[in-house]
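Each remark here refers to the structure printed beneath this line.
Protein chains: 2
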Amino acid sequence: MADPKARPVTLRSIADQLGLHISTVSRVLNGPAEDGARAASGDTAERIRRLAAELGYQPDPHGSGLRTGRSRLIGVLVPRVSDLVLATIYEGIDEAAGERGLTTIAANSLDDDEVRRTRTKMLLARRVDGLIFGDARLDDAFLDRLAADGVRFVLVNRRAGNHPSVTPDDRLGGRLAAEHLLDLGHTDVAVIAGPPFASTGADRTAGFLDHYRDSGIRIPDARVLHSAFDTAGGRAAADTLLRSPDRPTAIFAVNDFAAIGALGAARDHGLRVGADVAIMGYNDTPLAAELPIPLTSVAVPMHEIGRRALELLTRLLAGEQIESERLAPILAPRASTGAGQTGP
Amino acid sequence: MADPKARPVTLRSIADQLGLHISTVSRVLNGPAEDGARAASGDTAERIRRLAAELGYQPDPHGSGLRTGRSRLIGVLVPRVSDLVLATIYEGIDEAAGERGLTTIAANSLDDDEVRRTRTKMLLARRVDGLIFGDARLDDAFLDRLAADGVRFVLVNRRAGNHPSVTPDDRLGGRLAAEHLLDLGHTDVAVIAGPPFASTGADRTAGFLDHYRDSGIRIPDARVLHSAFDTAGGRAAADTLLRSPDRPTAIFAVNDFAAIGALGAARDHGLRVGADVAIMGYNDTPLAAELPIPLTSVAVPMHEIGRRALELLTRLLAGEQIESERLAPILAPRASTGAGQTGP
DNA sequence: TCCCGTTGCCCAAACGTTTGGGCCAAACGT
DNA sequence: ACGTTTGGCCCAAACGTTTGGGCAACGGGA
């Protein structure tokens with residue numbers, strides 16, 4: 001890798017060693033495409049490349065960043081990296097970034113406005129070239145302000161205003177969930193809708209209600225509960241729903257973790273999930289299929305969403321005109337709604 | 345935040361605006377402690393600070409990095425950020441880093457040697473000041489080599505050789521698990537031990553076996569199965585254990601996800617977890633308590649481990665002598681081993 | 001009065017890179 | 001033989017910061 005105590009290898013050390021000028025080395029090592037020929041003879045170029053490889057030359061980002069004004073750094077702000085959904089999206093982002101020689105910096109916003117501001121400021125202080133936000137709120141003054149300031153960013157998972165975004169088609173996902181439960185005969189259903197400020201929960205809920213309405217069934221407002229996206233939130237909401245005597249026969253949680261909480265609540269109430277009450281989640285977290293009672297869910301290509309978000313951002317940074325993308329979800333029926341395994 | 349179309353605010357722009365020299369501004373804005381007084385009069389210093397704040401000056405890391413040779417960047421390599429355990433540790437790292445004005449860069453190694461090398465090289469190319477590895481292997485030639493090359497790093501979660509590390513006291517944790525199962529009367533027990541190269545699994549297993557041996561019970565080798573740390577791995581291992589007629593009465597999985605897989609396998613075999621068979625995990629993931637059948641686990645202060653790792657690294661970077669730390673785990677007994685809730 | 005120590009600031013170099021513009025010689029066209 | 005192109009390379013400036021060393025002016029002690 002690197003010699004034990006060697007001085008850092010720079011363009012100058014390579015140039016001196018070869019009796020060339022530093023700029024020649026720089027040109028050769030940068031754009032083999034157009035400038036490659038102009039920069040040096042094939043022979044010289046070859047010698048440069050060989051020595052650079054041998055010494056393990058890696059351009060110093062401080063030097064190039066200073067000169068070019070670009071850092072090749074991408075900031076990624078998410079509610080929490082320990083949230084499996086966002087972590088998976090982040091992996092997609094990071095993977096695509098790596099392929100382009102970009103480095104990502106992740107930070108948690110905890111869905112808190114104050115934290116968002118300070119973390120964003122830190123990322124900008126690091127001179128990131130662009131940002132990806134995974135914590136957009138439906139009415140997001142902060143993002144509007146940022147956009148007005150000329151900061152370049154795209155949104156992922158959650159949409160907001162008409163800032164460019166890559167999200168699952170949550171409206172469609174909500175319809176798929178409704179279709180599934182309706183096919184199973186559930187007409188008295190409830191929704192654990194997540195916090196009201198997240199487009200994911202809101203759109204999934206809206207799609208779900210749409211489908212029922214289109215089928216002539218109106219779901220009363222009392223059947224839609226807002227909650228946190230986590231297990232505790234889901235458990236509390238499900239508990240409220242199930243303790244009533246006219247409890248719903250099926251519950252759609254807009255997030256797998258909330259659904260797992262609902263599973264626990266159902267058990268506390270002595271209900272057999274899949275038989276006495278149907279419960280389904282959303283996102284098809286790896287855990288869903290592996291639970292003791294496998295959880296019906298709506299699969300979302302999270303990794304791919306992350307990749308696309310980074311691609312979109314690089315196109316934005318390149319000055320191209322870009323448009324938001326919605327990726328289609330797929331239903332994954334399992335035992336928690338009494339459905340069999342997928343397959344014929 | 346930043347003016348719409350303003351030129352970037354630099355030391356020079358501040359200095360010019362105040363009719364001062366750039367170096368004066370730099371000194372004032374850097375060390376108010378010692379140099380503060382030497383640098384400028386109280387009055388001048390005040391003017392500088394006020395203008396800097398007003399313009400929202402943020403030092404350019406490229407400039408300072410170039411000059412000082414330090415990037416204030418910390419690289420963090422983990423198997424996967426989407427693994428809840430490592431994600432939580434990472435959050436601790438990042439939190440502590442933020443408090444010190446450091447920025448972390450996370451990367452996935454997927455526990456693959458080739459990926460580790462390339463990702464580490466990328467981080468070094470970014471000129472990180474130090475590294476934190478969460479994917480150490482018991483016999484880790486790569487880390488040895490890195491240390492020999494003078495790269496500064498600490499390990500987290502997993503230990504290796506005598507590189508400095510911050511880990512849970514896994515040996516103790518294993519003993520706690522054994523003690524719990526033994527107290528419940530289980531003498532025929534099995535271990536789902538995780539992959540053999542991870543100190544976590546190995547030490548937990550060793551501690552577990554130690555305690556049984558100390559109590560006069562020898563667990564046969566066939567009762568210790570290696571597996572992946574994830575749900576699928578746990579399910580497969582548990583399936584092997586439970587399909588035999590002389591199946592164990594209790595299973596200790598060294599990781600909650602493997603334990604969840606085991607829960608599923610138990611269900612597949614028609615066994616009631618907590619009654620017919622006891623199953624326990626490790627790490628006390630937030631999920632453990634929320635599962636339909638709450639999972640007995642061993643709680644580990646993951647967030648704190650992350651914080652400590654970063655502190656250790658900063659001390660190392662400051663040239664101090666440092667020593668590895670082990671943090672004590674706590675048993676969290678729940679229904680999956682037939683234990684009641686915690687409490688008196 | 002002279003000297004010395006502070007105070008308060010400025011000067012300049014250096015870190016490593018990129019890039020617009022040279023400049024010399026060889027090759028080519030007529 | 002003479003102009004023009006082109007290949008192949010060098011020059012130098014600039015990006016923003018830190019930091020060791022100045023250098024005046026001023027105040028105080030002898």
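In the order they appear, the protein sequences are chains A and B.
Residue numbers for the first sequence follow the numbering used here, beginning at 1 and rising by one.
Residue numbers for the second sequence follow the numbering used here, beginning at 345 and rising by one.
Using N, Cα and C, we set each Cβ at its ideal position, and we do this for glycine too.
Residue i versus residue j - alpha carbon distance
i	j	result
proline 307(B)	arginine 567(B)	The question about residue 307(B) has no answer here: the residues shown for chain B are numbered 345 through 688.
aspartate 612(B)	serine 64(A)	58 Å
proline 638(B)	arginine 548(B)	21 Å
arginine 355(A)	isoleucine 604(B)	An answer regarding residue 355(A) cannot be provided, because it is not within the stretch 1 to 344 covered by chain A.
glycine 445(B)	histidine 507(B)	25 Å
lysine 465(B)	glycine 306(A)	23 Å
aspartate 230(A)	valine 191(A)	15 Å
threonine 448(B)	tyrosine 212(A)	47 Å
glycine 663(B)	aspartate 565(B)	45 Å
leucine 743(B)	alanine 265(A)	There is simply no residue 743(B) to check, as chain B begins at 345 and stops at 688 in what is shown.
alanine 389(B)	serine 109(A)	34 Å
tyrosine 90(A)	histidine 303(A)	8 Å
isoleucine 437(B)	phenylalanine 486(B)	23 Å
leucine 131(A)	alanine 522(B)	48 Å
threonine 186(A)	histidine 180(A)	Per the sequence shown, the amino acid found at residue 186(A) is histidine instead of threonine. If you take the alpha carbons of histidine 186(A) and histidine 180(A), they lie about 9 Å apart.
Three-way DSSP call (helix, strand, coil) for residue i in this model
i	result
arginine 7(A)	coil
arginine 481(B)	coil
histidine 533(B)	According to the sequence as given, residue 533(B) is valine; it is not histidine. Of the three classes helix, strand and coil, the one that applies to valine 533(B) here is strand, per DSSP.
alanine 206(A)	helix
leucine 51(A)	helix
alanine 683(B)	coil
alanine 250(A)	strand
arginine 670(B)	strand
alanine 45(A)	helix
serine 13(A)	helix
valine 425(B)	coil
glycine 474(B)	strand
serine 571(B)	coil
alanine 148(A)	helix
serine 559(B)	coil
glycine 400(B)	coil
Host alpha helix (DSSP H) of residue i (start-end)
i	result
alanine 576(B)	575-587
glutamate 664(B)	Unbroken run through glutamate 664(B): none, as it is neither H nor E.
leucine 287(A)	286-290
valine 429(B)	428-443
leucine 124(A)	113-125
alanine 602(B)	600-612
serine 64(A)	61-68
Buried versus exposed, by CB contacts within 10 Å (16 or more), residue i
i	result
glutamate 634(B)	buried
proline 352(B)	exposed
serine 367(B)	exposed
glycine 245(A)	This sequence places proline at residue 245(A); glycine is not what is there. When all chains shown are included, proline 245(A) counts as exposed.
serine 41(A)	exposed
proline 677(B)	buried
threonine 629(B)	buried
threonine 342(A)	Interpretation of threonine 342(A) is limited by its pLDDT of 38, a score under 50 that renders its predicted location unreliable; no figure is taken from the coordinates.
asparagine 157(A)	buried
glycine 494(B)	exposed
serine 215(A)	exposed
Endpoints, the beta strand (DSSP E) within which residue i is located
i	result
valine 154(A)	153-156
alanine 450(B)	447-452
serine 367(B)	Run containing serine 367(B): none in the beta strand (DSSP E); it sits in the alpha helix (DSSP H), 366-374.
proline 512(B)	509-512
serine 71(A)	Element bounds for serine 71(A): n/a, residue is neither H nor E.
Check: residue i C-beta below 8 Å from any heavy atom of the ligand MN
i	result
threonine 24(A)	No copy of the ligand MN occurs in the structure displayed, which carries no ligand at all.
When you check each C-beta in the region 73-84 of chain A against every C-beta of chain B, which residues fall closer than 9 Å?
Leu73, Arg80, Val81, Ser82, Asp83, Leu84
If the cut-off is 7 Å on Cβ atoms, which residues from the region 586-619 of chain B count as contacting chain A, listed in chain order?
Ile604, Gly605, Leu607, Gly608, Arg611
Contact residues within the region 390-411 of chain B, judged by C-beta distance below 7 Å to chain A
Gln402, Asp404, Pro405, His406, Gly407, Gly409, Leu410
At a CB distance below 9 Å, what residues from the region 470-502 of chain B approach chain A? Give them in sequence order.
Only Arg470, Arg471, Arg489, Leu490, Ala492, Asp493, Gly494, Val495 from the region 470-502 of chain B bring a Cβ to less than 9 Å from some Cβ of chain A.
May I ask you to list, following chain order, the residues of the region 320-343 of chain A that have a beta carbon less than 7 Å from some beta carbon of chain B?
none
If contact means a Cβ-Cβ distance below 9 Å, which residues of the region 229-242 of chain A contact chain B?
Asp230, Thr231, Ala232, Gly234, Arg235
According to a CB-to-CB cut-off of less than 9 Å, which residues of the region 625-642 of chain B neighbour chain A?
Taking a C-beta cut-off of 9 Å against chain A, the contacting residues of the region 625-642 of chain B are Pro630, Leu631, Ala633, Glu634, Leu635, Pro636, Ile637, Pro638, listed in chain order.
Below 9 Å between beta carbons is the criterion; list the residues of the region 6-32 of chain A that meet it against any residue of chain B, in chain order.
Pro8
When Cβ atoms are compared, which residues of the region 505-534 of chain B fall closer than 7 Å to chain A?
Listed in sequence order: no entries.
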